[in-house]
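Reviewing the structure listed below.
In the working numbering, the protein residues as written are 96 to 685.
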């Protein structure tokens, strides 16, 4: 008879702290399973659940299940960190050791954040804005309103941004309800990323500039896109609040002055520069800065923009990084101007969810319709692979002219986003990416073989009175998803995720040969009332005319079902709309 295999010890780890603390707890879970493989089944109960997505060490457990142990995790090492050589990444591992009688050792000098292959294949929010792979640094120029002692002056952050203008493109992030004064010359994503989107943004980033905050921990925990390593450049404006050995990572520049001030004593751990009058214990004298200089604690006031600049510059002088090329700088600068015009009062935290089940369609449907559109901005999205490049080089230029004329954001992809599927499936991912960037209340997809004919017609006119969330057209073969509009809302996220989850269908609802994602859209609209009641099907001439049905004045001509040679011949014969300005009327599409 075989040997009896002992059952795994079941643990539910609880922690109610902030996101940066949860990043540290991910390290402890990793270390537990690497040091004691196949001996534990672990689940967690924490805020910031997005940090646990794709984590291979978690097993769903019920708190009332047999044999389940529940631990309220504490970072007890913090009580000794001013005098002892410990890093925060060790804190929860040591807690598990003392609580469970273990001898775990740290396996890596960073937290444990996992991105799926699909997430890694998505373009960054910056790529969506610039239309190309653009190196960028993330910057946090503020912080939580209840811990003001961590803030550095926003004017000093601005001085750093100004110094590197044209060489480094900074992207500003921060939660809407916290203190994040706007900076000039940055791409402004304040209030436009949820925590998971921030993780993906860090994955694509070249470097990070921040104070002692969650982003500092993510800079180390999230792998680098270019190398897969965890040595992402990061400059931390730290001051004297926390001991450097407790917070700094090997590849980071941790700017501190612990030991220079009589008040630091290894790290003062105080909370505020001055009382806020909110009744919080952080207003007590023991938690207030002993040596303020205006609005800053002296330890932060001692850090000059020149010192921060030198630390950032060191990565480039040392050869770890390269500055933007002149063309990259031009494109990035244009994106910063174009996408920072929105009213900051309209910022809202994105709420894209990692849904995986088709049942989410019915859940989203129960929430009702999104608000009516009115006159609104539309983000245009298109994609082409190598096979479509000759056609896309023509239609893409035309789409760019149309976008510029109406001040519509345009996102162009030049490769499939999921090599495991037919390129047509990538439109689902591309549209979802555009929705997640929260640039516009509507997104319009345009196939690479579709060309805008009427440059003056605003796409927003097609949706200004609709209460639908999906607006498309049909031809002689039924629904055609070559050109469509979709509202940026929860229902739409669920629809796209359900289409992608269902994947290829063997039959077309209209009896035709199945055509990738189009047949799946058809299936959901045909057989699910919660989809069809939110869908409006327009006449073909509205935005998806075929070569056979096209009439002068139609908005979009779709050259589907043709060879590229035939498409190119058709494009060469098409005149510019008569309403186009004279300087554009050269008789052919540009």
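Cβ coordinates follow ideal geometry from the N, Cα and C atoms, glycine included.
- Residue 593 counts as buried, since at least 16 other C-beta atoms from the protein chains shown sit within 10 angstroms of its C-beta.
- Straight across, the Cα-Cα distance linking residue 491 with residue 407 is about 37 Å.
- The Cβ neighbour count for residue 342, taken over all protein chains shown within 10 Å, is at least 16; the residue is labelled buried.
- DSSP places residue 179 outside both helix and strand once states are collapsed to three, so it counts as coil.
- If you draw a straight line from the Cα of residue 507 to the Cα of residue 379, it comes to about 54 Å.
- A contact between stretches requires three or more CB pairs, one per stretch, nearer than 8 Å, and the region 105-123 meets this requirement with the region 137-154.
- The region 346-403 contains, as complete beta strand (DSSP E) runs of 3+ residues, the segments 347-351 (chain order).
- Between residue 263 and residue 232, the CB-CB gap stays under 8 Å.
- If the five residues before and after residue 362 are omitted, its C-beta is found closer than 8 Å to the C-beta atoms of 176, 177, 335, 336, 337, 338, 341, 353, all from its own chain and listed in chain order.
- As the crow flies, the alpha-carbon of residue 130 is around 52 Å from that of residue 627.
- Shown here, residue 109 sits in a strand according to DSSP, grouped into three states.
- Look at residue 582 here: in three-state DSSP terms it is strand.
- In the displayed model, residue 575 falls within a strand according to three-state DSSP.
- The region 279-313 is shown to contain whole beta strand (DSSP E) runs of 3 or more residues at 302-305, in chain order.
- Residue state for residue 333 is assigned as strand, using DSSP reduced to three classes.
- In the DSSP assignment, residue 341 falls within the unbroken alpha helix (DSSP H) covering 339-342.
- Within the same chain, no Cβ atom closer than 6 Å to the Cβ of residue 213 is found once the five residues on either side in sequence are excluded.
- Comparing C-alpha distances from residue 632 to each of 583, 563, 182, 669 shows the shortest one belongs to 563.
- According to the DSSP secondary-structure assignment, residue 547 is paired through a beta bridge with 651.
- Scanning the region 111-167 from its first residue to its last, the whole beta strand (DSSP E) runs of 3-plus residues come out as 135-140, 163-167.
- Here DSSP, grouped into helix, strand and coil, assigns residue 408 to helix.
- For the pair residue 161 and residue 173, the CB atoms are not nearer than the 8 Å cut-off.
- Taking 8 Å as the cut-off, the beta carbon of residue 475 is found closer than this to the beta carbon of residue 541.
- If you check the CB distance, residue 179 and residue 153 do not come in under 8 Å.
- If you check the CB distance, residue 635 and residue 569 come in under 8 Å.
- By the Cβ criterion, the region 526-536 is in contact with the region 583-590, since at least three pairs of Cβ atoms, one from each stretch, lie closer than 8 Å.
- Assignment of residue 265 by DSSP, reduced to helix, strand and coil, places it in the strand class.
- Assignment of residue 173 by DSSP, reduced to helix, strand and coil, places it in the helix class.
- Secondary structure of residue 426 (DSSP, three-state): helix.
- Nearest neighbour of residue 651 by Cα position, chosen from 237, 394, 494, turns out to be 494.
- With a 10 Å radius around the Cβ and a threshold of 16 neighbouring Cβ atoms, residue 223 comes out buried.
- Rounded to whole angstroms, the gap between the alpha carbons of residue 105 and residue 195 is 12 Å.
- For residue 495, the enclosing alpha helix (DSSP H) begins and ends at 484-501.
- Boundaries for residue 666: no beta strand (DSSP E) harbours it, while the alpha helix (DSSP H) harbouring it runs 659-668, taken from the DSSP string.
- Following the DSSP letters along the chain, one finds residue 539 in no alpha helix (DSSP H) but inside the beta strand (DSSP E) bounded by residues 537-541.
- Linking residue 215 to residue 207 through their CA atoms gives a straight-line distance of about 16 Å.
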